[in-house]
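In this note's numbering, each residue carries its 1-based index in the sequence shown increased by 37.
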Amino acid sequence: MFYLTEQFFSIQGEGKYAGVPSYFLRTGGCNLSCPGFGASYEVDGEVRYGCDTYFAVDSAYAKSWIKVDDSKTLIDRLKKEFSAIGYKPHMVITGGEPLMYHSDTVFYAVIEWLVSEGIEITFETNGTIEIDFEKYPAYKFCIFALSLKLANSGEPEAKRIVPQALRSIRDHAKESFLKFTIDADLVQTSALDEIEAIREFLPDLPVYCMPVGESRDTIWKNDKAVFEFCMKYNFKYSDRLHIRVFDTTQGV
Ligand code: SF4
Numbered sequence: 038m039f040y041l042t043e044q045f046f047s048i049q050g051e052g053k054y055a056g057v058p059s060y061f062l063r064t065g066g067c068n069l070s071c072p073g074f075g076a077s078y079e080v081d082g083e084v085r086y087g088c089d090t091y092f093a094v095d096s097a098y099a100k101s102w103i104k105v106d107d108s109k110t111l112i113d114r115l116k117k118e119f120s121a122i123g124y125k126p127h128m129v130i131t132g133g134e135p136l137m138y139h140s141d142t143v144f145y146a147v148i149e150w151l152v153s154e155g156i157e158i159t160f161e162t163n164g165t166i167e168i169d170f171e172k173y174p175a176y177k178f179c180i181f182a183l184s185l186k187l188a189n190s191g192e193p194e195a196k197r198i199v200p201q202a203l204r205s206i207r208d209h210a211k212e213s214f215l216k217f218t219i220d221a222d223l224v225q226t227s228a229l230d231e232i233e234a235i236r237e238f239l240p241d242l243p244v245y246c247m248p249v250g251e252s253r254d255t256i257w258k259n260d261k262a263v264f265e266f267c268m269k270y271n272f273k274y275s276d277r278l279h280i281r282v283f284d285t286t287q288g289v
């Protein structure tokens, strides 16, 4: 059994496959909370801080999540959606942290079906969860966007950087790349040192950097600094197309 918070057809907004029409499954729950990203929201009068998908992270929202306890029901719905779309789009499985469910029977059955259909799958993951690729071989056919969290996430390093989980994904998955969300302040302080420290044990993965921002306004505050940072150090700049186009609207 796993939780979905939303599913929708859109265009991948960030990372290596930005611009590709994609069908999104967003799971509920995360093993991190990233209070440093500064999106604020209120639960029963209490102000909390988190990332831009706090509604898919904080269990206070769990009552609005959809429980998936039967893979066939979800697969049948996907078949109908793909038929309406007219082709089998790239799948993006995001969250929250989708790999929290990687060993769940229902979740894995959906992944196996997608792989058997020849559908390209990208996991958007924080890279902290180790996968047993021999026990769950369907993950070998998937792409992993490793959205590692840096100090600006507000999470302790030991929790957000798990080298053995990252090496395992790099060694077994079809493809993986690093993706960092950084802001103008981090560009001036620790961004380069933090990225270099990660590249010491993952030297061969492409690096994408994108600006912090849950809205157009906050992206505008950070994009130029990140753009110049990428030029200076030969990283790839990733924009966040869905926020540029739709601002704070969810489900797009
Ligand atoms: S790891 Fe990602 S989804 Fe989880 S709290 Fe941090 S930014 Fe949000």
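Just so you know, even glycine gets a beta-carbon here, dropped at the ideal spot from N, CA and C.
Item                                                                                                                                        : Value
Return helix, strand or coil for R277, following the three-state DSSP convention.                                                           : coil
Within 10 Å of its beta-carbon, does I232 have 16 or more other beta-carbons around it, so buried, or fewer, so exposed?                    : buried
Report back the beta-carbon spacing between C71 and G132 to the nearest angstrom; my notes put them in contact at under 8 Å.                : Not really, about 12 Å apart at Cβ, beyond 8 Å.
By the three-class DSSP mapping on this structure, what secondary structure does G73 have?                                                  : helix
Is there at least one non-hydrogen atom of the ligand SF4 closer than 8 Å to the beta-carbon of C88?                                        : yes
Hey, T162 and P200 are a contact pair by Cβ (cut 8 Å); roughly how many whole angstroms apart?                                              : About 15 Å; that fails the 8 Å criterion.
From D202 to A55, what distance separates their C-alpha atoms?                                                                              : It should be pointed out that residue 202 corresponds to Ala in this sequence rather than to Asp. Using only the alpha carbons, I get a separation of about 25 Å.
Going by C-alpha distance, which of D89, A93, K172, V129 is nearest L151?                                                                   : V129
Whose C-alpha, out of F74, G73, D95, D89, is nearest the C-alpha of E83?                                                                    : D95
Since T159 and I180 are thought to touch, with beta carbons under 8 Å apart, how far apart are those beta carbons, to the nearest angstrom? : 4 Å
So, is K186 buried or exposed, given that buried needs 16 or more other C-beta atoms within 10 angstroms?                                   : buried
For the 8 Å Cβ check, are there 3 or more pairs between the segment 100-108 and the segment 257-267?                                        : no
With DSSP as the reference, label F170 as helix, strand or coil.                                                                            : coil
From what residue to what residue does the beta strand (DSSP E) around Q225 run?                                                            : No beta strand (DSSP E) holds Q225; the alpha helix (DSSP H) holding it covers 221-225.
Identify every residue that forms a DSSP beta bridge with M128.                                                                             : Y60, I158
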